[in-house]
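Report on the following structure.
Here you go:
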């Protein structure tokens, strides 16, 4: 029962319906605890922490992630430990503490390599590349992203592929290579739509709109922002809705 509740929570989380997701996770947790299923409890707590980060509460996420890290280590769960190190890095990244983020992402990497976990390794490398970008090293980021893209495709990780395509597009924008950027954004959007990932699609539409604004194509920009607004109204993600509104107002 707890597993079923937790799976429902994960589905709602992926669809951007975070308060419903948290409701299911909160129902699952006491059941996992009663049956002393630490593994189930830990992976549910991990999902909760990721939601906190996405909802703009990275400090709450960090408290939870450090607690999870201790539990993973006591279980000797190396794969889970790497996932949590990534989660901690992600929260530090959102807080703008890039050096600390890098430290945790890099700590996850050797664990994933020793476990031959290609999916995890691709996630860590993707996160490291994103920090390079934030530290003003877009060319280094780009090299890593292209490497990650090959891995994501080789293991048919569609949602990861979309994230990486989006990140490559964003990095090309930073380097003022607008045509390249748009090419990658469009590839990302196609996958986000297939996967029903509204949050990813909205972020990409906003970046495409910004790019059209930069290149003085306001009509195209407005169309992207309006599409993003329609999607944002269907999911509950207040920070993202406000962001969409700001983009529309700036036109």
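In my numbering, the protein residues as written are 3 to 253.
Virtual Cβ for every residue (Gly too), placed ideally from N, Cα, C.
Computed from a predicted structure; not experimentally measured.
Residue 238 has 19 as its beta-bridge partners, per DSSP. By alpha-carbon distance to residue 134, the top candidate from 104, 55, 43, 221 is 104. Each residue's CA atom was taken as its position, placing residue 213 and residue 223 some 8 angstroms apart. Residue burial annotation: residue 183 is buried, with at least 16 other C-beta atoms found within 10 angstroms of its C-beta.
Under the three-state reduction of DSSP output, residue 49 falls in the helix class. Counting only residues of its own chain and dropping the five nearest sequence neighbours on each side, residue 43 has a CB closer than 7 angstroms to the CB of 31, 34, 35. Scanning the segment 177-226 for uninterrupted alpha helix (DSSP H) segments of 4 residues or longer gives 180-197, 200-216, listed from N- to C-terminal end. A straight-line Cα-Cα distance of about 8 angstroms links residue 109 and residue 84. Take residue 19, set aside five residues on each side of it, and the residues of its chain with a beta-carbon closer than 8 angstroms to its own are 237, 238, in chain order. Taking all protein chains in view, the Cβ of residue 162 is crowded by 16 or more other Cβ atoms within 10 Å, so the residue is classified as buried.
Per DSSP, reduced to three states, the secondary structure at residue 119 is coil, with no helix or strand assignment. Taken through DSSP and simplified to helix, strand or coil, residue 38 comes out as coil.
For residue 123, the closest C-alpha among the options 204, 73, 150, 75 is that of 150. CA-to-CA, the gap between residue 111 and residue 160 works out to about 21 angstroms. Under the three-state reduction of DSSP, residue 253 is assigned to coil, being neither helix nor strand. With 16 or more other Cβ atoms from the protein chains shown falling within 10 Å of its own Cβ, residue 60 counts as buried. At a Cβ-Cβ threshold of 9 angstroms, residue 93 and residue 46 do not count as neighbours. Rounded to whole angstroms, the gap between the alpha carbons of residue 82 and residue 177 is 36 angstroms.
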